[in-house]
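As structure tokens, the structure follows; a few thoughts come after it.
Protein chains in written order, with our numbering: chain H, 17 to 128; chain C, 4 to 118.
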């Protein structure tokens, strides 16, 4: 299994509070991605990174920001959490060799 | 923009039967990849099979095979001799080459294998 961890695995927070989710990899892969998964929508890309300090927006980036100061860490921040951001968040990594994305175990976030 | 459609929200079959999951996509690109991922109740996303658009031969991985119809923009997954462990959500995904390896996902099909 690819070495990808996400923390925390579960979080309950209140509307209006900031939240940061962490993705950590030990594979030294260049590309990292944050997705959210909601029923009926599959996975939707929030932001991705193609190198240290190189990031770009995905399909559903409003209300989210990211940072990548080291190859192994990709942080997703909800500046002011809203109930619509209640979801399961997945981190994935990829290297150009085989095009496969490897996924972390997911973080279940509930905003009350 | 590319889109991926999985028209079967849920399917169920008996153990040992063969089942086919449908996926269609819309793109004007000629060079791309298609994927099927599996998500069991554990929530872990697992790659099942991958198809390069430039290859005419359909990909196979043990009991899993695809029927790739490029002109029809169809990419179905066939699972032979289904097993209880195949119970999962199955997602079809599209990747355009030179897109920073971004995946566009279908909504998923919930597959239940009955004993």
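Note that beta-carbon positions come from the ideal geometry of N, C-alpha and C, so glycine has one too.
Computed from a predicted structure; not experimentally measured.
| Check | Outcome |
| --- | --- |
| Which residues in the same chain have their Cβ closer than 6 Å to the Cβ of residue 93/H, if we skip the five residues on either side of it in sequence? | 36, 81 |
| Using only alpha-carbon positions, find the residue among 106/C, 39/C, 4/C, 78/C that is nearest to residue 31/C. | 4/C |
| On the CB-based measure, 16 or more other CB atoms within 10 Å of its CB, does residue 28/H come out buried or exposed? | exposed |
| Could you check if residue 47/C belongs to the surroundings of the ligand ATP, using beta carbon to heavy atom distance under 8 Å? | Absence of the ligand ATP from the depicted structure is noted, as is the absence of any ligand whatsoever, leaving it without description. |
| Within the 9 Å Cβ cut-off, does residue 58/H reach chain C? | yes |
| Using the Cα positions of residue 106/C and residue 54/H, report the straight-line distance between them to the nearest angstrom. | 16 Å |
| Which residue's Cα is closest to the Cα of residue 8/C: 101/C, 100/C, 79/C, 116/C? | 79/C |
| Between which two residues does the beta strand (DSSP E) holding residue 87/C run? | No beta strand (DSSP E) contains residue 87/C, which DSSP labels as neither H nor E. |
| List, in order along the chain, the chain H residues whose C-beta lies closer than 8 Å to that of residue 36/C? | 115 |
| Got a sec: is the Cβ-Cβ distance from residue 114/C to anything in chain H below 9 Å? | no |
| Tell me, please, whether the CB atom of residue 78/C is closer than 9 Å to any CB atom in chain H? | no |
| Using the C-alpha atoms, what's the distance from residue 98/H back to residue 93/C? | 29 Å |
| Would residue 115/C be called buried (16 or more neighbouring beta carbons within 10 Å of its own) or exposed? | exposed |
| Using C-beta distances below 7 Å, list every residue in its chain close to residue 15/C, excluding the 5 sequence neighbours before and after it, in chain order. | 115, 117 |
| Considering Cα atoms alone, identify which of 104/C, 38/C, 51/C, 101/C is closest to residue 82/C. | 51/C |
| Starting from the beta carbon of residue 106/C, find every residue of chain H whose beta carbon is closer than 7 Å, and list them in chain order. | 117 |
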